[in-house]
Amino acid sequence: GDSVTQMEGPVTLSEEAFLTINCTYTATGYPSLFWYVQYPGEGLQLLLKATKADDKGSNKGFEATYRKETTSFHLEKGSVQVSDSAVYFCALSDGTDKLIFGTGTRLQVFP
Amino acid sequence: DAGITQSPRHKVTETGTPVTLRCHQTENHRYMYWYRQDPGHGLRLIHYSYGVKDTDKGEVSDGYSVSRSKTEDFLLTLESATSSQTSVYFCAISWAEGTDTQYFGPGTRLTVL
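Below, the structure written as C-alpha cells:
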C-alpha cells in the first residue's frame, strides 16, 4: 500500500542555519503531497502542499518540490528561527478520503 | 482557526471503563476524521465520516466505535478502554475527500491506567 518515509529526528540546528527534512513516498497513483507542522501542545497545521509533479509548495519561508522521478517531497528553509522548533509531518493523499502520514521529524533550533 | 473543538482535552481513566471523546465543528464541513498519534507511528486513522450517519473504518479501528448524528459532532467511543489506547487523539475536518486540506483540532490526551 501507499506509504511515506521521513528522516528520523531530532534535527538540531542553530538559528539561521539551512534546513532540509527528507521525505519519500510510495504510491501506485498520482498522490497529492503535504507538509504539516505541529507546535508544542497543539494540533497539526497545514504548512504547504503540492498536487502534481514539479509543483512547488511554499509558505512562511518553507519550500518543497514534488519530484515524481525520485518520489520525494523534501522540506527546505534557508534560514531557520527558534520559533520553527516543532514536529514536521509529511503526508500523502491518493484522492480517496484518507491522508497517510510519515512518522514525523522533530526540529530543534537553538539561538 | 478552523472552528474545531475537542473535549475533554485531557482524561485519565482506568482499564475496562467506557470513554467517549467529542469533536465539534462550526464550519459545516462534510468530512470528519479521528486519528491517534503515538511516538514512532505518526498519525494513524481510526475512523472517518463522510456525512451524518455515514462512517467507515480506518487503519486502526479495533476497539473503537464512532457516531455522527449531527453534521457538527463526531463522537469516538472506547467501549472498554485498554492501556494500549493511551494516546493523543486528534479530530480533523475537510470539505471534500482526497486532495483537500484537513484541519485539525487541538487534541485530547487520554491515559488509561
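Protein chains in written order, with the working numbering: chain Y, 35 to 145; chain B, 1367 to 1479.
We put the beta carbon where it would ideally sit given N, CA and C, even for glycine.
All values derive from a computational prediction rather than experimental measurement.
Coil, strand or helix - residue i by DSSP
i: Ser1415 (chain B); result: strand
i: Asp1325 (chain B); result: Because chain B here runs from 1367 to 1479, residue 1325 (chain B) falls outside it and cannot be looked at.
i: Ser1449 (chain B); result: helix
i: Ser117 (chain Y); result: helix
i: Asp1404 (chain B); result: strand
i: Gly91 (chain Y); result: strand
i: Asp1439 (chain B); result: strand
i: Glu97 (chain Y); result: strand
i: Leu1444 (chain B); result: strand
i: Thr60 (chain Y); result: strand
i: Lys1483 (chain B); result: Residue 1483 (chain B) lies beyond the range of chain B shown here (1367 to 1479); nothing can be said about it.
i: Thr1467 (chain B); result: coil
i: Glu110 (chain Y); result: strand
i: Thr1371 (chain B); result: strand
i: Phe135 (chain Y); result: strand
i: Ala51 (chain Y); result: coil
i: Leu1479 (chain B); result: coil
i: Thr1474 (chain B); result: strand
i: Thr46 (chain Y); result: strand
i: Thr130 (chain Y); result: coil
i: Thr1392 (chain B); result: coil
i: Thr39 (chain Y); result: strand
Identity of the residues DSSP links to residue i by a beta bridge
i: Val71 (chain Y); result: Y:Gln79 and Y:Tyr122
i: Glu103 (chain Y); result: According to DSSP, Glu103 (chain Y) bridges with nothing at all.
i: Met1398 (chain B); result: B:Ser1415 and B:Ile1459
i: Asp1420 (chain B); result: B:Gly1417
i: Thr1383 (chain B); result: Partner(s): none; Thr1383 (chain B) has no beta bridge.
i: Arg1434 (chain B); result: Answer by DSSP bridge pairing: none, since Arg1434 (chain B) is not bridged.
Nonlocal neighbours in the same chain, by C-beta distance under 7 Å from residue i, ignoring five residues either side
i: Tyr73 (chain Y); result: Ala120
i: Ile134 (chain Y); result: Asp36, Ser37, Val38, Ala125 and Leu126
i: Tyr100 (chain Y); result: Leu67, Ala84, Lys86, Ala87, Asp88, Asp89 and Phe107
i: Pro145 (chain Y); result: Glu49 and Val116
i: His1395 (chain B); result: Ile1459, Ser1460 and Trp1461
i: Lys102 (chain Y); result: Ala87
Sequence-distant residues of the same chain with beta carbon closer than 6 Å to residue i, five excluded per side
i: Thr1443 (chain B); result: Thr1386 and Ser1431
i: Glu1425 (chain B); result: Arg1410 and Leu1411
i: Thr46 (chain Y); result: Gln142
i: Thr1477 (chain B); result: Val1378 and Thr1452
i: Gln79 (chain Y); result: Val71
Close Cβ partners of residue i (< 8 Å) along its chain, the five nearest in sequence each way excluded
i: Leu1479 (chain B); result: Val1378, Thr1379, Glu1380, Thr1381 and Ser1449
i: Thr1467 (chain B); result: Ser1460
i: Glu97 (chain Y); result: Leu82, Lys90, Gly91, Leu109, Glu110 and Lys111
i: Ser1373 (chain B); result: Leu1387, Arg1388, His1390 and Thr1474
Proximity test, residue i beta-carbon vs the ligand MN heavy atom, cut-off 7 Å
i: Leu109 (chain Y); result: No copy of the ligand MN occurs in the structure displayed, which carries no ligand at all.
- Message: Taking contact to mean 3 or more Cβ pairs, one atom from each stretch, closer than 8 Å, check whether the stretch 62 to 75 of chain Y and the stretch 128 to 145 of chain Y are in contact.
- Response: By the criterion of at least three beta-carbon pairs nearer than 8 Å, the stretch 62 to 75 of chain Y is in contact with the stretch 128 to 145 of chain Y.
- Query: With a cut-off of 8 Å, do at least 3 Cβ pairs link the stretch 134 to 143 of chain Y to the stretch 1373 to 1384 of chain B?
  - Reply: The stretch 134 to 143 of chain Y vs the stretch 1373 to 1384 of chain B: no contact.
- Are there three or more Cβ pairs, one per stretch, closer than 8 Å when the stretch 81 to 99 of chain Y is compared with the stretch 35 to 52 of chain Y? Two segments are said to touch when three or more pairs of C-beta atoms, one from each, lie closer than 8 Å; by this definition the stretch 81 to 99 of chain Y does not touch the stretch 35 to 52 of chain Y.
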